[in-house]
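Below: one structure, written as structure tokens.
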Amino acid sequence: MEQPEVLLIGGRAGVGKTTVAWEVSARLREAGAAHAVVDGDFMGAVHPAPDGDPQRSLITERNLTAVWANYASLGLRRLVYTNTVSVLAGSAPMFERAMGAGVRCVRVLLTASDATAAQRLTGREIGSGLAHELRSSMRKARLLDEHAPADTVRVATDGRAVVDIAREIVELTGWT
């Protein structure tokens, strides 16, 4: 059995994680490379937080484990996973438990300037969440820059077309 592989696409809010993941998926489909896509934000999207799981990490892992089991039963071995902090070393054990020992993790940290992220968030966010998202995005950009493991590949998104970013990332995976 081929070992599972996961492409972890992390980065601050407004950097383009979801958009890039869907374009990566399009390129993989064109190449005939079997894969699944999961937006990690949805794996823990429950309110209120479960008892004993204030960060929603346990429910995220349970959901990822269940979803991956379904994909693996279809013979899939590659996962494109997006989440702000998924590239941090602390998330690796979750993927080992959910996808199996020896899972190969390819970490990509998308980066964008504060101005670019603010412009994207302003165009995306509606309602009362914009100010919070802007502050959180800046804080998480610093955290990710300081704590991403050495094997994390940083990919700038400022002023770049999503197809070019996705092409670069697909080449990093070696999946085609």
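Numbering (the working numbering), first residue to last: 13 to 188.
Cβ coordinates follow ideal geometry from the N, Cα and C atoms, glycine included.
Pop quiz: residue i and residue j are said to be a contact at Cβ under 8 Å. What is the actual Cβ separation, rounded to whole angstroms?
i	j	result
T169	G28	5 Å
T123	G23	6 Å
L146	L133	6 Å
C117	A104	6 Å
I'd like the span of the beta strand (DSSP E) that includes residue i, first residue to last.
i	result
E17	E17 to G23
D122	According to the sequence as given, residue 122 is Leu; it is not Asp. Counting along the chain, the beta strand (DSSP E) containing L122 begins and ends at R116 to T123.
Ends of the alpha helix (DSSP H) at residue i?
i	result
L88	Looking at the DSSP string, L88 is not in any alpha helix (DSSP H), and its letter there is neither H nor E.
D51	That residue, D51, is in no alpha helix (DSSP H); its beta strand (DSSP E) goes A48 to D51.
W34	K29 to E42
L156	L142 to H159
G45	Note that residue 45 corresponds to Ala in the displayed sequence, not to Gly. Element bounds for A45: n/a, residue is neither H nor E.
I177	V174 to T185
Does the separation of the CB atoms of residue i and residue j fall below 8 Å?
i	j	result
E73	M106	yes
A25	A129	yes
T77	R41	no
V32	A178	yes
I181	V115	no
A46	L88	yes
L70	V18	no
Y83	A113	no
On the DSSP bridge list, what partners appear for residue i?
i	result
V167	L122
T94	I21 and D51
Cβ of residue i within 7 Å of any heavy atom in the ligand NAP?
i	result
D65	The model on display carries no ligand, and the ligand NAP is accordingly not part of it.
Exercise. Does the region 84-101 come close enough to the region 46-63 that 3 or more CB-CB pairs lie under 8 Å?
Worked result: yes
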